[in-house]
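A short worksheet on the structure shown next.
There are 2 protein chains.
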Amino acid sequence: MARLKGFEKLTNVDEALAMFFKALKPRSLSSEPVAIENALGRVTAEDVVARTDLPQFDRSAVDGYAVIAEDTFEASQFKPKTLRLTRRDRLHQVQAKQVWTGNLLPKGANAVIMLEHTRMVRNEIEIVGSVTPSENVSKKGEDVKRGEVAVEAGTRLQAHHLGLLAALGITEFNVVRKPRIAIISTGNELMELGGKPSRDQIINSNRYVISGLCRELNAEPVYLGIVGDDEKEIRTKIVEGLEKADAVITTGGTSVGAADLVPIVVNKLGTPGIVVHGIAMRPGMPTALGILEGKPVFVLSGYPVAATIGFEVFARPTILKLLGVETVPRPRVDARLARRVAGALGRRVYLRVRAFEQEGELHAMPILTKGSGLLSSLTKANGYVVIPENREGLEKGENVTVHLFSPVAGGRK
Amino acid sequence: MARLKGFEKLTNVDEALAMFFKALKPRSLSSEPVAIENALGRVTAEDVVARTDLPQFDRSAVDGYAVIAEDTFEASQFKPKTLRLTRRDRLHQVQAKQVWTGNLLPKGANAVIMLEHTRMVRNEIEIVGSVTPSENVSKKGEDVKRGEVAVEAGTRLQAHHLGLLAALGITEFNVVRKPRIAIISTGNELMELGGKPSRDQIINSNRYVISGLCRELNAEPVYLGIVGDDEKEIRTKIVEGLEKADAVITTGGTSVGAADLVPIVVNKLGTPGIVVHGIAMRPGMPTALGILEGKPVFVLSGYPVAATIGFEVFARPTILKLLGVETVPRPRVDARLARRVAGALGRRVYLRVRAFEQEGELHAMPILTKGSGLLSSLTKANGYVVIPENREGLEKGENVTVHLFSPVAGGRK
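Quick note, the sequences are listed as chains H and F, same order.
Numbering of the first sequence is given in the working numbering, commencing with residue 1 and proceeding in unit increments.
Numbering of the second sequence is given in the working numbering, commencing with residue 1001 and proceeding in unit increments.
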């Protein structure tokens, strides 16, 4: 009977995450080689070290003439100097050789004077400005030196990282293998998208939400299907998930009621089983965090919004650790709260808001709903604001930090 | 000879973009149907309208008992009330029916009392609290009403959008076709990654940079290879690009020197050809923007950093318009500049910076380099700061806005 009275104790969010990480000791997954063509968005498994200097040689950084800088000193528009042109690979005093951007510097040359500051006169050039040694030269190793770390381990690779690796002649390197995340949807009322739901059925939308959230992190969702509220069925699927994946996420069957089956199954399946169940947060209070065979098991609410927030707060940082990525906070902006909102003393509230710009100032409009089931409260929002446990609410006009999951409308320049 | 003296006039960045858009009139591409499984990151081509209410019926939002709210009024812990249990689909006065989260409400019921506020006594329940009409009920259409727009046209689909569409029973819908972007690398000095460069060769890294930048926007790069500094070769490739793609991006051959071939070819190929050439920006000054057969042609610098900034400033907003996405500014944070930097009067400078947190404050450290060739200036940075045309420089400690292309290190909570 006691179970029906709700959770006896709710655990603070930070404490829950710390307990969970302490028990889990998440480490990044093994690595695999990847070709540069397929590396965008992957995470480097180790420091990638330059095996050559970049540039490999002193090169001209402009179109112009390679010169000995000292020959140009004191040249000006009013007092031009004259240099003899050569086509040889070695420059002697008072000589110049035409070079285009990227060309090797001839031996003896130590600077390049731009075309714009010269004038060709038969076989000579007149220079109307001076250059200092190394001016307009890309020095050997200036971008990256041989032996230097070009891209650090744990870097989520963007376009410019790939450019640098290509420039260094690196075609393949080791990245962290994509975490596979098993997804199990529980609930007698669930049906798959595609058919026509009867009056008692609800389409399984969490499958798409959780798969999408995994993909957005470049993890690989492994969807295992719907199971009814049946201990044996749930057990079979979780075992399958532990076999096939690096982590398991279930949705549904977490609230303290007759259907509170998933945490029971997780506890029966091994140790430590459920590490924390019942978290001082809204939505997502009935979330449970477990560990089986050293793998994380996230037991999320069946409510889509609560499942999303549960994923954000617990699964996201864990998956990032599996990927070996240090910290990836969401982009944040400071905004003024557009209306008063109630908090929930003792619980951390994740308030969905729409941040928007008006007259050069950012505002955050709370998306108010009663339940944690309303998906539209997420699609109407572009971020969330955290109401701390010790606040009864936030005041209209108060400065808040918005954690963005999509860009602010209005386009502040 | 005049051409060798540089551009006669540089066009302001905003003016250049406005001129280009005015001439181009970019419109979003045609649409194509996509299955929900493959829709993450795609952009809706039209409003997606709900064909059912969500929820479709009044449902219980909690585990508990469906009741007639009026029967519970004035019940309290000290003065419990008793209701008779029924299993029928219609509730009469002073009756209650057990329901789980998501269950249909029986006819006659208008609220649900949570399990925690009840106690079962044989065939009756004792209730120790009251509920108001609609309490703990997910009302029909509460999330989305039939006929309402569930997801607006021009929305970049995230996990929660897919969840909402699935919940509404929508399996397929129209998204904007992925823009195909032809990429042409020009330059006699270029070689493809894979072989060993001779002293005169440079590995084509721009191919990877520009392809990656396209993919990050969910556009499809169509790489057409390297061409030498030869008018005919360049012409052939641009014609191929216009046939195969929705836009063409070239890198290299833009500076005002002997190799300034791409803008010449674009102008010979049709009208209007080059709309603007020479932009008051650093890096990226020699960028040219053209239009052929109504398609944008971006003639970017051969320097990787200048090409990246040219893409950011001109190609990115154009591709977003082709995708039908309204505004997608990069995430921004305000920070204090960690050291003085010089600007370039009359030019807009895109200064690469590393934003980081120290003692609760955000700082932006300029990544100082002399050239626009250094890819490491991008990989060491996580964003850029714009130095306006009318500033000689920015002061140490000055407040600046950082446009982030990757998250801030340090993890501000």
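Even glycine gets a Cβ: it sits at the ideal position worked out from N, Cα and C.
The structure presented is a predicted model; accordingly, all values stated were derived computationally and were not measured.
Where do the ends of the alpha helix (DSSP H) carrying Asn-1267 of chain F lie? Residue 1267 of chain F sits at position 267 when you count from the first residue of the second sequence. From DSSP, the alpha helix (DSSP H) with Asn-1267 of chain F extends over 1262-1269.
Do the segment 1325-1340 of chain F and the segment 1395-1406 of chain F touch if we need at least three Cβ pairs shorter than 8 Å? Enough Cβ pairs lie closer than 8 Å, so yes.
Beta carbons nearer than 7 Å to chain H: which residues of the segment 1009-1040 of chain F have them? Under the 7 Å Cβ criterion, the segment 1009-1040 of chain F contributes Ile-1036, Leu-1040.
With 9 Å set as the bound, which would you pick, yes or no: does the beta-carbon of His-277 of chain H sit closer than that to a beta-carbon of chain F? Counting from one through the first sequence, the residue named residue 277 of chain H turns up at place 277. So no, His-277 of chain H is outside the interface.
Give every residue of the same chain whose Cβ lies closer than 8 Å to the Cβ of Ile-1264 of chain F, excluding the five residues on either side of it in the sequence, and list them in chain order. For the purposes of this step, residue 1264 of chain F is taken as residue 264 along the second sequence, with counting starting at 1. Excluding residues within five positions, the ones whose Cβ falls inside 8 Å are Glu-1231.
For Gln-358 of chain H, decide whether its Cβ has a neighbour in chain F, counting only Cβ atoms nearer than 9 Å. Taking the first residue of the first sequence as position 1, residue 358 of chain H is located at position 358. No, its Cβ sits nowhere closer than 9 Å to a Cβ of chain F.
Kindly list the residues whose CB is nearer than 7 Å to the CB of Glu-74 of chain H, restricted to its own chain and excluding five residues on each side of it in sequence; keep chain order. Position 74 of the first sequence holds residue 74 of chain H. If we look at Glu-74 of chain H and ignore the five residues flanking it on each side, its Cβ neighbours are Ser-130.
Tell me Asn-174 of chain H's beta-bridge partners as DSSP assigns them. Reading the first sequence from its first residue, position 174 is the one you call residue 174 of chain H. The bridge partners DSSP lists for Asn-174 of chain H are H:Pro-33.
For Ile-1319 of chain F, which residues in the same chain have their Cβ closer than 8 Å to its Cβ, ignoring the five residues on either side in sequence? Translated into the one-based positions of the second sequence, residue 1319 of chain F becomes position 319. Pro-1179, Ile-1181, Cys-1214, Leu-1217, Ala-1219, Ala-1247, listed in sequence order.
Tell me, please, whether the CB atom of Gly-302 of chain H is closer than 9 Å to any CB atom in chain F? Residue 302 of chain H sits at position 302 when you count from the first residue of the first sequence. Chain F contact via Cβ: present.
Whose C-alpha, out of H:Gln-95, H:Pro-272, H:Arg-119, is nearest the C-alpha of Leu-83 of chain H? Counted from its first residue, the first sequence places residue 83 of chain H at position 83. Considering only alpha carbons, the answer is H:Gln-95.
Tell me the DSSP secondary structure of Thr-1308 of chain F in three-state form. By one-based count along the second sequence, residue 1308 of chain F stands at place 308. In the structure shown, Thr-1308 of chain F sits in a helix (DSSP, three-state: H, G or I).
Give the interface partners of Gln-158 of chain H over in chain F, defined as CB-CB distance under 8 Å, in chain order. Counting from one through the first sequence, the residue named residue 158 of chain H turns up at place 158. In chain order: Gly-1212, Glu-1216, Phe-1405, Ser-1406.
Proximal residues to Asp-1058 of chain F (C-beta, below 8 Å), its chain only, five neighbours per side dropped: Along the second sequence, read from residue 1 onward, the residue named residue 1058 of chain F stands at position 58. Setting aside the 5 residues that flank it on each side, Asp-1058 of chain F is surrounded in the same chain by Leu-1104, Leu-1105, Val-1137, Ser-1138, Lys-1139, Lys-1140, each with a C-beta closer than 8 Å to its C-beta; the list follows chain order.
With a threshold of 9 Å between beta-carbons, can Leu-1261 of chain F be considered close to chain H, or not? Translated into positions along the second sequence, residue 1261 of chain F becomes position 261. It does not: the Cβ of Leu-1261 of chain F has no partner Cβ on chain H nearer than 9 Å.
Bridge-paired residues (DSSP) for Ile-183 of chain H: Residue numbering aside, residue 183 of chain H sits at position 183 when the first sequence is read from its first letter. Answer by DSSP bridge pairing, in chain order: H:Tyr-223, H:Ile-249.
Rounded C-alpha distance that separates Ser-1301 of chain F from Ile-387 of chain H: For this step, residue 1301 of chain F is matched to residue 301 along the second sequence. For this step, residue 387 of chain H is matched to residue 387 along the first sequence. Looking at the backbone, the Cα of Ser-1301 of chain F and that of Ile-387 of chain H are separated by about 48 Å.
Three-state secondary structure (DSSP) of Ala-414 of chain H: Residue 414 of chain H lies beyond the range of chain H shown here (1 to 413); nothing can be said about it.
With 8 Å as the C-beta to C-beta threshold (strictly closer), list the residues of the segment 1132-1145 of chain F near chain H in chain order. Closer than 8 Å at the C-beta level to chain H, one finds these residues of the segment 1132-1145 of chain F: Ser-1138, Glu-1142, Asp-1143, Val-1144.
Contact between the segment 86-93 of chain H and the segment 41-51 of chain H: three or more CB pairs below 8 Å? Here the segment 86-93 of chain H does not lie against the segment 41-51 of chain H, with fewer than 3 beta-carbon pairs under 8 Å apart.
Under the assumption that Ile-1274 of chain F contacts Ala-1288 of chain F (Cβ atoms under 8 Å), give the Cβ distance between them as a whole number of angstroms. Walking along the second sequence from the start, residue 1274 of chain F turns up at place 274. Walking along the second sequence from the start, residue 1288 of chain F turns up at place 288. Yes, Ile-1274 of chain F and Ala-1288 of chain F are in contact; Cβ-Cβ is about 5 Å, under 8 Å.
Three-state secondary structure (DSSP) of Gly-1360 of chain F: For the purposes of this step, residue 1360 of chain F is identified with residue 360 of the second sequence, where counting begins at 1. Assigned with DSSP and collapsed to three states, Gly-1360 of chain F falls in coil, not helix or strand.
Let me confirm a value: Lys-1022 of chain F is counted as buried when at least 16 other C-beta atoms fall within 10 Å, else exposed. Which label applies? Position 22 of the second sequence, counted from the start, is the residue given in the question as residue 1022 of chain F. Burial call: exposed.
Just verifying my parser: in three-state terms, what is the DSSP assignment at Lys-107 of chain H? The residue given as residue 107 of chain H occupies position 107 in the first sequence. Lys-107 of chain H falls in the strand class under three-state DSSP.
Take the Cβ of Val-299 of chain H as the centre, count every other Cβ of all protein chains shown within 10 Å, and call the residue buried at 16 or more, exposed below. As a first step, residue 299 of chain H is located in the first sequence; it is residue number 299 there, counting from the start. Buried, because 16 or more other Cβ atoms sit within 10 Å of the Cβ of Val-299 of chain H.
Beta-carbon proximity list for Lys-1196 of chain F, same chain, < 8 Å, skipping 5 on both sides: The count along the second sequence starts at 1 and reaches residue 1196 of chain F at position 196. Sequence-distant partners of Lys-1196 of chain F (beyond 5 residues in either direction) whose C-beta falls short of 8 Å from its own C-beta are missing from its chain.
Tell me whether Arg-1122 of chain F is buried or exposed, calling it buried when 16 or more other Cβ atoms sit within 10 Å of its Cβ. Sequence index remark: in the second sequence, residue 1122 of chain F carries index 122 (1-based). Classification for Arg-1122 of chain F: exposed.
Since Glu-1148 of chain F and Ala-1039 of chain F are thought to touch, with beta carbons under 8 Å apart, how far apart are those beta carbons, to the nearest angstrom? Position 148 of the second sequence, counted from the start, is the residue given in the question as residue 1148 of chain F. Position 39 of the second sequence, counted from the start, is the residue given in the question as residue 1039 of chain F. Not confirmed; about 20 Å, so no contact.
Put Ala-159 of chain H into one of helix, strand or coil per three-state DSSP. Residue mapping note: residue 159 of chain H aligns to position 159 of the first sequence, counting from 1. When secondary structure is reduced to three states using DSSP, Ala-159 of chain H falls in the helix class.
contact_flag[the segment 1222-1238 of chain F, the segment 1340-1349 of chain F] where n(CB pairs < 8 Å) is 3 or more: At 8 Å Cβ cutoff, the stretches do not touch.
Within 10 angstroms of its Cβ, does Asn-1390 of chain F collect 16 or more other Cβ (buried), or is it exposed? The residue labelled residue 1390 of chain F in the question sits at position 390 within the second sequence. Around the beta-carbon of Asn-1390 of chain F, fewer than 16 other beta-carbon atoms lie within 10 Å, marking it exposed.
Based on the DSSP output, what are the partners of Pro-1296 of chain F in its beta bridges? By one-based count along the second sequence, residue 1296 of chain F stands at place 296. Partner(s): F:Ile-1291.
Report the CB separation of Gln-158 of chain H from Phe-1405 of chain F in whole angstroms; it is logged as a contact under 8 Å. Stepping through the first sequence from its first residue, residue 158 of chain H is reached at position 158. Stepping through the second sequence from its first residue, residue 1405 of chain F is reached at position 405. About 7 Å separates the beta carbon of Gln-158 of chain H from that of Phe-1405 of chain F, a gap short enough to meet the 8 Å contact definition.
Who are the near neighbours of Ala-153 of chain H in its chain, counting only those whose CB is closer than 6 Å to its CB and skipping five residues on each side? Taking the first residue of the first sequence as position 1, residue 153 of chain H is located at position 153. So the list reads Thr-44, Glu-46, Asp-47, once near-sequence residues are dropped.
Counting pairs of Cβ atoms below 8 Å between the segment 64-78 of chain H and the segment 8-26 of chain H, do you hit three or more? Taking a cut-off of 8 Å on C-beta distances, the segment 64-78 of chain H does not touch the segment 8-26 of chain H, as fewer than three cross pairs fall below it.
I'd like to check one pair, Gly-1253 of chain F with Leu-1261 of chain F: are the Cβ atoms closer than 9 Å? Position 261 of the second sequence, counted from the start, is the residue given in the question as residue 1261 of chain F. Position 253 of the second sequence, counted from the start, is the residue given in the question as residue 1253 of chain F. Against a cut-off of 9 Å, the Cβ pair of Gly-1253 of chain F and Leu-1261 of chain F comes out as a contact.
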